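Colleague: Protein chains in written order, with this note's numbering: chain B, 1453 to 1693; chain A, 1453 to 1693.
Idealized CB from N, CA, C, for every residue including glycine.
Computed from a prediction, not measured in an experiment: that's the story for all the values here.
Right, I'll just put the structure down here and ask away after.
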């Protein structure tokens, strides 16, 4: 079924018209009266609707439900701000893979240090990438993209999850599997470093706040590969596939 | 330790000189006499060497051993030939993630249909990408990149693994976890489709040859995301991290 993201308010209406980009999309798809489409509020609620009329793309809601494609486990991807388009790549892929949110923040070896204005512009772009990937992958929820002001803020926020994990290339003993082995988690934070890796002092700080420091194996992963590898493994462990 | 890929022959020598790109790389790194480096034959064997002289980058082998960074499980990534640079992306990432080999082949909905000449040129490029990613990620083995002539050939070859798996977006019942649950596998084939997905007839054909058809969850993954998600999960399941 074709999916359209609408406001939570529109989702509650008996009859709703598609507008703006949604209307354009409906036109391109040549939707016909009687066809069924899916409206999503981007927060995990959706409505199965029937096309009533193509004049103003009028839809009638038939059934409202929770999204069927969201993961039961809420995984937050915390990635230290990388260079150039790497975060864009991670946002797109993490959205497909079912991440709950993507959080970026500064760390000591981050090369990219955008000012507030350019960061605001980037954030808008990142949000668009998340929305578009959510639509393409059939998600009922658009992951939030958050920009935090400091490394400590990221640690404190990440530490609130049932499983709060940092990945560090010099850790060899604790595997992700060990860290997840107790099971019974419903929220997970996965924190990874920038191109140059995390500094030892940052790893120590993370441990103090309560994060577990894990390895992702004996091969050195690029900064954009690590979060997606960890996310895939967590989704697998949680029984998503 | 810095790594250089050399021929299997050079790896067996007591004293060996770095040449060509390796010599240039050594120069850039300003290696000094007494420093230790690692020579790898790209097949999983390596030698710990000491720099004897920087004149001709003469090294003395101190110890030969099996590579410490190769996965015990041999995972072959079978990806139907995608458009443009997507296979390059998958080769780079699958190499980092520890794939044993990457195999590409035609399938019904493949849009990319390069002729033999252009395929030969592409293959050279793909091999370079694998070599470079192997070096960067610290692997002892450069994954082979293979181009097969037909879909049936891919199926027959893939089916020889202990776990031969195809991923199909319309499969919902059999998860990857179920397929791997019996354990005791040392070779795995992961087969995924092109941009437009696999045709039902192709999935039937795969089942007949003995592949198990699995889901990667309720979200639709892009063709370049699916193999990397599956590979990450298999490495996790096999105890790599």
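Output the distance between the C-alpha atoms of residue 1561(A) and residue 1535(A), rounded to the nearest integer angstrom.
Modeller: Approximately 11 Å, taken between the alpha carbons.
Colleague: Give the secondary structure of residue 1581(B) by DSSP, where H, G and I count as helix, E and B as strand, and everything else as coil.
Modeller: helix
Colleague: Does the beta carbon of residue 1461(A) come closer than 8 Å to any beta carbon on chain B?
Modeller: no
Colleague: Do residue 1686(A) and residue 1642(A) have their C-beta atoms closer together than 8 Å?
Modeller: One thing to note: residue 1686(A) has its Cβ within 8 Å of the Cβ of residue 1642(A).
Colleague: The alpha helix (DSSP H) spanning residue 1688(A) covers which residue range?
Modeller: 1678-1689
Colleague: Measuring CA to CA, which of 1463(A), 1455(A), 1488(A) is closest to residue 1473(A)?
Modeller: 1455(A)
Colleague: Mind listing which residues of the region 1585-1596 of chain A have their C-beta closer than 8 Å to chain B's C-betas, in chain order?
Modeller: 1588, 1589, 1590, 1591
Colleague: What three-state label does DSSP hand residue 1626(B) in the structure shown?
Modeller: Coil.
Colleague: Closer than 8 Å, CB to CB, is residue 1693(B) near chain A or not?
Modeller: Proximity of residue 1693(B) to chain A, defined by a Cβ-Cβ separation below 8 Å, is satisfied.
Colleague: Identify whether residue 1642(B) lies in helix, strand or coil by the three-state DSSP scheme.
Modeller: strand
Colleague: Please report the residue range of the alpha helix (DSSP H) in which residue 1479(B) lies.
Modeller: From DSSP, the alpha helix (DSSP H) with residue 1479(B) extends over 1472-1481.
Colleague: Does any residue of chain A bring its CB to less than 8 Å from the CB of residue 1685(B)?
Modeller: yes
Colleague: Mind checking who residue 1672(B) pairs with in its DSSP beta bridge?
Modeller: In DSSP, residue 1672(B) forms no bridge with anything.
Colleague: What first and last residue would you give for the alpha helix (DSSP H) that runs through residue 1603(A)?
Modeller: Run containing residue 1603(A): 1603-1610, per the alpha helix (DSSP H) assignment.
Colleague: Which residues mark the beginning and the end of the beta strand (DSSP E) in which residue 1596(B) is found?
Modeller: From DSSP, the beta strand (DSSP E) with residue 1596(B) extends over 1596-1599.
Colleague: Compare the beta carbon distance of residue 1519(A) and residue 1592(A) with 8 Å and say whether it is the shorter of the two.
Modeller: yes
Colleague: Within the region 1510-1597 of chain A, note down every full beta strand (DSSP E) run reaching 3 residues or more, in order along the chain.
Modeller: 1510-1518, 1526-1532, 1553-1557
Colleague: State the DSSP-derived secondary structure class of residue 1467(A), mapped to helix, strand or coil.
Modeller: strand
Colleague: Does residue 1548(B) come within less than 8 Å of chain A when only Cβ atoms are used?
Modeller: Judged by the 8 Å Cβ criterion, residue 1548(B) is in contact with chain A.
Colleague: When we look at the beta-carbon of residue 1537(A) and count the other beta-carbons within 10 Å, is it buried (16 or more) or exposed?
Modeller: exposed
Colleague: Rounded to whole angstroms, what is the Cα-Cα separation between residue 1554(A) and residue 1584(B)?
Modeller: 29 Å
Colleague: Does any CB atom of chain B fall closer than 8 Å to the CB of residue 1520(A)?
Modeller: yes
Colleague: Suppose you measure from the CA of residue 1502(A) to the CA of residue 1465(A); what does that come to, to the nearest Å?
Modeller: 13 Å
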